[in-house]
Amino acid sequence: MSIQKFDAIQNLPTAHPSFQLTASPPGRSGLQSDQMDLAAKSAKLHETLRQLGSVLVAYSGGTDSAYLAYAAYQALGENMQAIIADSPSLPRAELAAALAFAADHNIPIQILHTNELESPDYQRNDSQRCFHCKDELFQQMEQARVSRNFTHIAYGMNLDDRAEFRPGQQAAAQHHAVAPLVTASLTKQEIRTLAHQAGLKLWDKPASACLASRIEYGRPVTRENLSQVEQAEAALHALGFPQVRVRHHGDLARIEIARDDLPRALTLSVLEAITAAIKPLGFLYVTLDTEGYRSGSMNDTLLAASAIQPAR
Numbered sequence: 439m440s441i442q443k444f445d446a447i448q449n450l451p452t453a454h455p456s457f458q459l460t461a462s463p464p465g466r467s468g469l470q471s472d473q474m475d476l477a478a479k480s481a482k483l484h485e486t487l488r489q490l491g492s493v494l495v496a497y498s499g500g501t502d503s504a505y506l507a508y509a510a511y512q513a514l515g516e517n518m519q520a521i522i523a524d525s526p527s528l529p530r531a532e533l534a535a536a537l538a539f540a541a542d543h544n545i546p547i548q549i550l551h552t553n554e555l556e557s558p559d560y561q562r563n564d565s566q567r568c569f570h571c572k573d574e575l576f577q578q579m580e581q582a583r584v585s586r587n588f589t590h591i592a593y594g595m596n597l598d599d600r601a602e603f604r605p606g607q608q609a610a611a612q613h614h615a616v617a618p619l620v621t622a623s624l625t626k627q628e629i630r631t632l633a634h635q636a637g638l639k640l641w642d643k644p645a646s647a648c649l650a651s652r653i654e655y656g657r658p659v660t661r662e663n664l665s666q667v668e669q670a671e672a673a674l675h676a677l678g679f680p681q682v683r684v685r686h687h688g689d690l691a692r693i694e695i696a697r698d699d700l701p702r703a704l705t706l707s708v709l710e711a712i713t714a715a716i717k718p719l720g721f722l723y724v725t726l727d728t729e730g731y732r733s734g735s736m737n738d739t740l741l742a743a744s745a746i747q748p749a750r
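Everything in the sequence shown is counted per this note's numbering, starting at 439 for the first residue and increasing by one.
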């Protein structure tokens, strides 16, 4: 296990005044109730974290895990560490942004170099790929927890995640990782609101999954196709599309762009720019998905396969 430590050097920022909870004006008791409820959930989160004593936080740089790491540092100080897994499935830009956030907020952080690509179970890229990835992560986190005398492992599952297809939750359960955001009954939108109130710049950061989630099920995950996806999405970002996915179907790249951006993407000049940027990466065909960006759209193949299975 290879570990690098980055000790952030800046002080925790105070929340921007405009982000503070304020009393609702007369006649808006519903809004005031919502604010009070959110304040109670925030207090519950911090109390839950304090009760853990010490914790390693699985951190990806996304809004949920970043806010959890931020709150854990507020509650526990040096009795917490953020852990980010580095592998070819993590875009270099995401790693850099995650480390910068930790430095900006004085959050102690370690990098674990995970080896899921060496696992045949992971490479096979079936519906349990996410389980094998998270199993590798939590195994290494458990080793780090024991060696560094921490008491718990936590991860950024929120209340909304329970309704989604997330095999990684099974790995978390097997390794006894706790989910403080769920304990505090926080939804994705509530986490964004709390992050906004705290003045965290990533409060509205678009959701992002690992690069392997872009590769169609059944197609082996390799360094090469992960690199293709990373470069293709970086090219689309450079063209001014912030919310994108490049779905890897072998010779075909299926591009998902936020629906609000589709009109611009469908202009001839932009289509030509997209093709010129992505085709040289090793794709024979470049297509634009007319349904736009959809989180987890690769799971449609799993749903279709289950629908045609004979009844038992």
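Here a beta-carbon is modelled for each residue, glycine too, at the ideal position from N, C-alpha and C.
Every value quoted in this text rests on a predicted model; they were computed, and no experiment measured them.
Taking residue i as part of the beta strand (DSSP E), name the residues at either end of that continuous run.
| i | result |
| --- | --- |
| Glu-694 | 690-695 |
| Gln-519 | 518-524 |
| Val-584 | From DSSP, Val-584 is part of no beta strand (DSSP E) but of the alpha helix (DSSP H) over 567-585. |
| Arg-685 | 682-687 |
| Ala-836 | The structure shown does not extend to residue 836, since the chain spans only 439 to 750, so no value can be given for it. |
Can you give me the start and stop residues for the alpha helix (DSSP H) that residue i sits inside?
| i | result |
| --- | --- |
| Tyr-505 | 501-514 |
| Leu-709 | 706-716 |
| Val-620 | 618-621 |
Out of the options, which one is the CA nearest neighbour of residue i?
| i | options | result |
| --- | --- | --- |
| Ala-478 | Asp-502, Val-493, Met-595, Ser-623 | Ser-623 |
| Ala-592 | Asp-738, Glu-554, Ala-615 | Ala-615 |
| Leu-719 | Thr-621, Ala-672, Leu-494 | Ala-672 |
| Asp-559 | Arg-692, His-570, Thr-552, Thr-631 | His-570 |
| Leu-575 | Ala-520, Thr-621, Tyr-723, Ala-636 | Ala-520 |
Quick one: grab the DSSP three-state call for residue i.
| i | result |
| --- | --- |
| Tyr-723 | strand |
| Met-736 | helix |
| Gln-627 | helix |
| His-634 | helix |
| His-429 | Examination of residue 429 is not possible in this model, given that the chain is present from 439 through 750 alone. |
| Ala-538 | helix |
| Leu-677 | coil |
| Ala-496 | strand |
| His-613 | coil |
| Leu-550 | strand |
| Gly-730 | coil |
Could you compute how far the alpha carbon of residue i sits from the alpha carbon of residue j?
| i | j | result |
| --- | --- | --- |
| Ser-492 | Ile-549 | 18 Å |
| Glu-556 | Gln-578 | 15 Å |
| Pro-529 | Ala-481 | 34 Å |
| Gln-666 | Ser-525 | 15 Å |
| Gln-448 | Lys-626 | Annotation note: pLDDT 33 at Gln-448 (below 50); position unreliable, coordinate value reported separately. Roughly 27 Å separates the two Cα atoms. |
| Ala-523 | His-686 | 23 Å |
| Gln-681 | Glu-580 | 34 Å |
| Phe-588 | Thr-713 | 49 Å |
| Arg-683 | Arg-652 | 7 Å |
| Glu-532 | Gln-473 | 32 Å |
| Tyr-505 | Ala-633 | 6 Å |
| Thr-728 | Leu-638 | 33 Å |
| Gln-512 | Gly-688 | 45 Å |
| Ala-535 | Arg-661 | 21 Å |
| Gln-607 | Ala-541 | 28 Å |
Under the rule that 16 or more other beta-carbon atoms within 10 Å means buried, what is residue i, buried or exposed?
| i | result |
| --- | --- |
| His-675 | exposed |
| Ser-585 | exposed |
| Gln-612 | exposed |
| Arg-583 | buried |
| Thr-725 | exposed |
Can we count residue i as close to the ligand PLP, meaning its CB is less than 8 Å from some heavy atom?
| i | result |
| --- | --- |
| Ala-541 | Because no ligand of any kind appears in the structure shown, any question about the ligand PLP cannot be addressed here. |
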